[in-house]
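Colleague: Provided herewith is a single structure, encoded as structure tokens, for subsequent inquiry.
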Amino acid sequence: MSSTGPAVTLVDRIVTRHDADELTWVVTGACEVVVAGVRFAVDTRTALAIPAGVEHEVVPRPDSIVFPLLFPDGLFPAAVTGATPVPRTPALEACARVVLQPGLSTDGAVAAARATVRDHVARADGVVLPPLPRDPRARTVAEAILHAPGDDVTLDEWAGRVHVCTKTLQRAFRETGMSFPRWRSTVRLVHGRDHLDRGAGIASAARRVGYSSVSAFTTAFRQQFGVTPGAYVAER
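Per the numbering used here, residue 503 is the first one in the sequence shown, and the count goes up by one each step.
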């Protein structure tokens, strides 16, 4: 006679707060974190630093593994009340592996890794994946763009696909603090920067995120990040 135990399931969302500063870290998949009404997309390209005591809602995708990396000694360089998106660089990835697995490293290495994470949070330039729209139809569009930033589907075409008028879709994106063109451009440039971080050439990065020429990518990249792609690569 066989018996079955209780079903093993995960909740689809949780509202929480921690007594220590947190770096929300996605191992696989992606999640949405809502802080003070602002929705942040957190995935394997972007982490989210959240001050101690700040209530936030975590909504993971079903296939995701999400960890809160806690920093009792503080994560922020000064008193901060809002969440800070942090780009995930190869150096930050290496430090997170140490912090996630302290039993596999020395105390000195863990302390050094935590210090490096703090430095990355302090230097976060704020140019990361933008907040998701609240409207579910606009969010469908946003998630598709996040998945394939190089696609050239127009706003009118997206409106037809999600069965809404163009003006309604425009308004939904403006609620994120950005127009639709600015929202999509930011996503493309953040993804382009990620490709550069992973060793792609400038022309390849530009092509992957939807730019028809290196010059157009260079101009937009400089406007967004303050440096050209070539200078950015040289500084890494």
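Ideal placement from N, C-alpha and C gives every residue a C-beta, glycine not left out.
This one's a predicted model, so the numbers in the text were calculated from it and none came from an experiment.
Return the CA-CA distance between residue 721 and residue 618, expressed in angstroms with no decimal places.
Modeller: If you take the alpha carbons of residue 721 and residue 618, they lie about 31 Å apart.
Colleague: Looking at the strands, I want to know which residues DSSP matches up with residue 487.
Modeller: Residue 487 cannot be examined here, being either before or after the span of the chain that is shown, 503 to 738.
Colleague: Please name the residue in 609, 697, 735 whose C-alpha comes closest to that of residue 707.
Modeller: Nearest C-alpha to residue 707: 697.
Colleague: Quick one: any contact between the stretch 604 to 615 and the stretch 641 to 653, if contact means 3 or more CB pairs under 8 Å?
Modeller: Too few Cβ pairs lie closer than 8 Å, so no.
Colleague: Rounded to the nearest angstrom, what separates residue 516 and residue 626 at their Cα positions?
Modeller: Spanning the two alpha carbons is a distance of roughly 26 Å.
Colleague: Can you tell me whether residue 520 is helix, strand or coil according to DSSP?
Modeller: In this structure, residue 520 counts as coil in the three-state DSSP scheme.
Colleague: By the 10 Å Cβ neighbour count, where 16 or more other Cβ atoms means buried, how is residue 534 classified, buried or exposed?
Modeller: That one is buried.
Colleague: Could you check what DSSP says for residue 597 in three-state terms: helix, strand or coil?
Modeller: Helix, per DSSP.
Colleague: Have a look at residue 666 and residue 639 and give me their C-alpha separation to the nearest angstrom.
Modeller: Approximately 8 Å between the Cα atoms of the pair.
Colleague: From this set, 559, 643, 651, which residue's C-alpha is nearest residue 661's C-alpha?
Modeller: Answer by Cα proximity: 643.
Colleague: Leaving out the 5 sequence neighbours to the left and right, which residues in its chain are closer than 7 Å to residue 724 when beta-carbon positions are compared?
Modeller: So the qualifying residues of the chain are 730.
Colleague: According to DSSP, what are the bridge partners of residue 558?
Modeller: In DSSP, residue 558 forms a bridge with 518, 537.
Colleague: From the DSSP output, read off the bridge partner residues of residue 568.
Modeller: BP columns for residue 568 point to 528.
Colleague: Mapping the DSSP letters down to three states, classify residue 735 as helix, strand or coil.
Modeller: Correct three-state label for residue 735: helix.
Colleague: Can at least three beta-carbon pairs, one atom from the stretch 549 to 560 and one from the stretch 520 to 532, be found at a separation below 8 Å?
Modeller: As far as the Cβ criterion goes, the stretch 549 to 560 touches the stretch 520 to 532, which means the pair count is three or higher.
Colleague: Taking only three categories from DSSP, how would you classify residue 661?
Modeller: Residue state, collapsed to three classes: helix.
Colleague: To the nearest angstrom, report how far apart residue 620 and residue 585 are at their CA atoms.
Modeller: Near 14 Å, if we compare the C-alpha coordinates of residue 585 and residue 620.
Colleague: Quick one: what does DSSP say residue 707 is sitting in, helix, strand or coil?
Modeller: It is helical.
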